[in-house]
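Here the protein sequences line up with chains Z and W, keeping their order. For the first sequence, position 227 matches number 226 in numbering that gives the first Met the number 0, and the numbering has no gaps at all. For the second sequence, position 180 matches number 179 in numbering that gives the first Met the number 0, and the numbering has no gaps at all. The C-beta atom is built at its ideal place from N, Cα and C for all residues, glycine as well. Source: prediction; values computed, not measured. Okay, so here's the structure we're looking at.
2 protein chains.
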Amino acid sequence: MDIVKYFEKVKDKVDRRLEALLQKGTTYPHNIHEAMRYAVLNGGKRIRPILTLTCCEAVGGGASDALVTACAIELIHAYSLVHDDLPCMDDDDFRRGKPTVHKQYGEAIAVLSGDGLLTYAFELLAGIKPAKSAIRVIRELSTAVGTKGMIGGQVVDIEFSDKKPTLPIMDYINIHKTGKLIAASCHAGAIMGNARIRDARALLAYGEYLGLVFQLVDDIIDHDGYATVFGERDCVRRADELTRLAKKAVARVPKKVNVLIAIADFVRDRRK
Amino acid sequence: MDIVKYFEKVKDKVDRRLEALLQKGTTYPHNIHEAMRYAVLNGGKRIRPILTLTCCEAVGGGASDALVTACAIELIHAYSLVHDDLPCMDDDDFRRGKPTVHKQYGEAIAVLSGDGLLTYAFELLAGIKPAKSAIRVIRELSTAVGTKGMIGGQVVDIEFSDKKPTLPIMDYINIHKTGKLIAASCHAGAIMGNARIRDARALLAYGEYLGLVFQLVDDIIDHDGYATVFGERDCVRRADELTRLAKKAVARVPKKVNVLIAIADFVRDRRK
Numbered sequence: 000m001d002i003v004k005y006f007e008k009v010k011d012k013v014d015r016r017l018e019a020l021l022q023k024g025t026t027y028p029h030n031i032h033e034a035m036r037y038a039v040l041n042g043g044k045r046i047r048p049i050l051t052l053t054c055c056e057a058v059g060g061g062a063s064d065a066l067v068t069a070c071a072i073e074l075i076h077a078y079s080l081v082h083d084d085l086p087c088m089d090d091d092d093f094r095r096g097k098p099t100v101h102k103q104y105g106e107a108i109a110v111l112s113g114d115g116l117l118t119y120a121f122e123l124l125a126g127i128k129p130a131k132s133a134i135r136v137i138r139e140l141s142t143a144v145g146t147k148g149m150i151g152g153q154v155v156d157i158e159f160s161d162k163k164p165t166l167p168i169m170d171y172i173n174i175h176k177t178g179k180l181i182a183a184s185c186h187a188g189a190i191m192g193n194a195r196i197r198d199a200r201a202l203l204a205y206g207e208y209l210g211l212v213f214q215l216v217d218d219i220i221d222h223d224g225y226a227t228v229f230g231e232r233d234c235v236r237r238a239d240e241l242t243r244l245a246k247k248a249v250a251r252v253p254k255k256v257n258v259l260i261a262i263a264d265f266v267r268d269r270r271k
Numbered sequence: 000m001d002i003v004k005y006f007e008k009v010k011d012k013v014d015r016r017l018e019a020l021l022q023k024g025t026t027y028p029h030n031i032h033e034a035m036r037y038a039v040l041n042g043g044k045r046i047r048p049i050l051t052l053t054c055c056e057a058v059g060g061g062a063s064d065a066l067v068t069a070c071a072i073e074l075i076h077a078y079s080l081v082h083d084d085l086p087c088m089d090d091d092d093f094r095r096g097k098p099t100v101h102k103q104y105g106e107a108i109a110v111l112s113g114d115g116l117l118t119y120a121f122e123l124l125a126g127i128k129p130a131k132s133a134i135r136v137i138r139e140l141s142t143a144v145g146t147k148g149m150i151g152g153q154v155v156d157i158e159f160s161d162k163k164p165t166l167p168i169m170d171y172i173n174i175h176k177t178g179k180l181i182a183a184s185c186h187a188g189a190i191m192g193n194a195r196i197r198d199a200r201a202l203l204a205y206g207e208y209l210g211l212v213f214q215l216v217d218d219i220i221d222h223d224g225y226a227t228v229f230g231e232r233d234c235v236r237r238a239d240e241l242t243r244l245a246k247k248a249v250a251r252v253p254k255k256v257n258v259l260i261a262i263a264d265f266v267r268d269r270r271k
């Protein structure tokens, strides 16, 4: 299983569809549509849409409607980054070596382009057939990124930006800010693939473990968060254990088990 | 037709449901849920939900599921006000005589509570039965408040905040920033009431006219926008003509014609 080639292939498919779905910069009002393209078409790794498409195929689903779902999830991820980068939040000037949206287009357009990406994601999801899947995916995602999900994680992260969080608080931040959308990416793929309940649960659990590994590895790389509490060696051990649990969770899904395992290893091994 | 009593009755119903739908301030993380309640439960007039419920009943629909739709629309309206008030946008310190959300809770929580209100609106809409109506309403609203709707209007409004807009630009701003959500509020009510196509179109047209009257009257009161271009007398004449067209549009809907007419007069007569 050459996971890098697999990633490239799926990422290319996602990027082409995102390019086609986003309004051109020539659509009035120009600057907001330009800013939205700038925020999304920036060389992101597309981990979340890759998970959605892979989980859909893992339960025997086709990739056509799951592709729109996958793209909507990437738009939601991009919106969260644009708002997180704002001066009143994490105040970041650069992302992936380029000026952040508010540096490039000003704060007002940054707030509004984030709003626009979130709104457009739901507009796209409402176009999914059949309507029953659309509704299930909208429910899944709106819960995952709402105030009891991703937004809640960001709120607590900001609250503790100038003080040392306890371990339960750090867990809360990571599970909500990063974990919920990654888990929902997997679960949404399962929903789009019409998964049996057992398989949908397995893929949701896989996504939950993966979300934690993702954050642990980020913290190891950045010497931040968990790494400051546990130390690097314990973080690596914890990441290994969670990766093992992620792989175990999907051992019996109908298809793509080897790809799901390779993705889990890839997420863990980013530190190397 | 005592329209003030009707408004009070329906407003009370909407307020009670909003109160029940919004998370308590004791739900973790506390400050975001407090801020969302603060933004919504602020004595707003609830014109949009009143339009939704009245238009639903105008086509013979029940008010139960339309009530959730009406509340979701008010959440979207509240989100737009919280983000519009931000320092990087209109920079307003007060709304309805109280400090704006960013003054009361800080800018980060203001951005995130707006995000939370928008997200929660879609979560609520996804719970509407039947799924087919839910999807139609989500499509209607996501389009109305996206970058070709309300957000687009706000973008152009900000762009022209320090220069004099031409009349077509002013029309663009008003139709998009104010008009689209008001028209969608009416159309969503028709959708929830399972309107025949003819009645749905009539109520959409009614909403479009009403949105323009709404903005004209605001401009007359504030000596702003249209009033600076046309002068007050021409604005009043234009508002009268649009009100007439709004009433004419709904002359043949199955029910509540007198209420719809009274609402149109009320919106126009706010100037008095």
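Check: Could you list which residues in chain Z have their beta carbon closer than 8 Å to that of W:N30, in chain order?; Outcome: V154, E158
Check: Indicate the three-state DSSP secondary structure (helix, strand or coil) for W:F159 in the structure shown.; Outcome: coil
Check: Can you tell which of W:D217, W:D218, W:A187, W:V216 has its C-alpha closest to the C-alpha of W:A204?; Outcome: W:A187
Check: Could you tell me whether any Cβ in chain W is nearer than 7 Å to the Cβ of Z:H82?; Outcome: yes
Check: In its own chain, which residues sit with a C-beta less than 7 Å from the C-beta of W:R135, not counting the 5 before and 5 after it?; Outcome: I190
Check: Count the other CB atoms, across all protein chains shown, that sit within 10 Å of the CB of W:D84; report buried if there are 16 or more and exposed otherwise.; Outcome: buried
Check: Within a Cβ cutoff of 7 Å, which residues of the same chain sit near W:A71, ignoring the five residues on either side of it in sequence?; Outcome: A120, L123, L124
Check: Output yes or no for whether 7 Å exceeds the beta carbon distance between Z:A182 and Z:G210.; Outcome: yes
Check: Please report how far the alpha carbon of W:L259 lies from the alpha carbon of W:E56, in whole angstroms.; Outcome: 11 Å
Check: Reducing DSSP to helix, strand and coil, say where Z:R138 ends up.; Outcome: helix
Check: Please classify W:K10: does DSSP put it in a helix, a strand, or coil?; Outcome: helix
Check: For the segment 67-99 of chain Z, enumerate the residues whose C-beta is nearer than 7 Å to any C-beta of chain W, in chain order.; Outcome: H82, L85, C87, M88
Check: Counting only Cβ-Cβ distances shorter than 7 Å, please list the residues of the segment 136-152 of chain Z near chain W, keeping chain order.; Outcome: I137, R138, S141, T142, V144, G145, T146, I150, G151
Check: Could you tell me whether the segment 94-112 of chain Z touches the segment 214-230 of chain Z, where touching means 3 or more Cβ pairs closer than 8 Å?; Outcome: no
Check: With DSSP collapsed to three states, give me the class of Z:K44.; Outcome: coil
Check: Thinking C-beta only, is Z:H32 closer than 7 Å to Z:G24?; Outcome: yes
Check: Can you look up Z:R94 in the DSSP assignment and give me helix, strand or coil?; Outcome: strand
Check: Just to confirm, is the Cβ distance from Z:T53 to Z:A69 under 7 Å?; Outcome: no
Check: Reducing DSSP to helix, strand and coil, say where W:G224 ends up.; Outcome: coil
Check: Beta-carbon of Z:E122 versus every beta-carbon of chain W: anything under 7 Å?; Outcome: yes
Check: Starting from the Cα of Z:L40, find the closest Cα among Z:P28, Z:Y27, Z:L21, Z:A245 and give me that residue.; Outcome: Z:L21
Check: Could you tell me the alpha carbon to alpha carbon distance between W:G192 and Z:A143, rounded to whole angstroms?; Outcome: 30 Å
Check: Check whether chain W comes within 7 Å of Z:E240, counting only Cβ atoms and requiring the distance to be less than that.; Outcome: no
Check: Can you find a CB in chain W that lies within less than 7 Å of the CB of Z:L180?; Outcome: no
Check: Relative to the C-alpha of W:R15, which candidate in W:G60, W:Y27, W:L66, W:N30 has its C-alpha closest?; Outcome: W:L66
Check: Find the nearest neighbour of W:G60 within the set W:K254, W:V266, W:A261, W:G206, judged by alpha-carbon distance.; Outcome: W:K254
Check: Report buried or exposed for Z:E139, applying the criterion of at least 16 other Cβ atoms within 10 angstroms of its Cβ.; Outcome: buried
Check: For Z:L203, would you say it is in contact with chain A, using Cβ-to-Cβ distances shorter than 7 Å as the test?; Outcome: Of the protein chains in the structure, Z and W, none is chain A.
Check: Pop quiz: W:V155 and W:G113 are said to be a contact at Cβ under 8 Å. What is the actual Cβ separation, rounded to whole angstroms?; Outcome: That pair is no contact at about 19 Å.
Check: Return the first residue and the last residue of the alpha helix (DSSP H) that W:M35 is part of.; Outcome: 29-39
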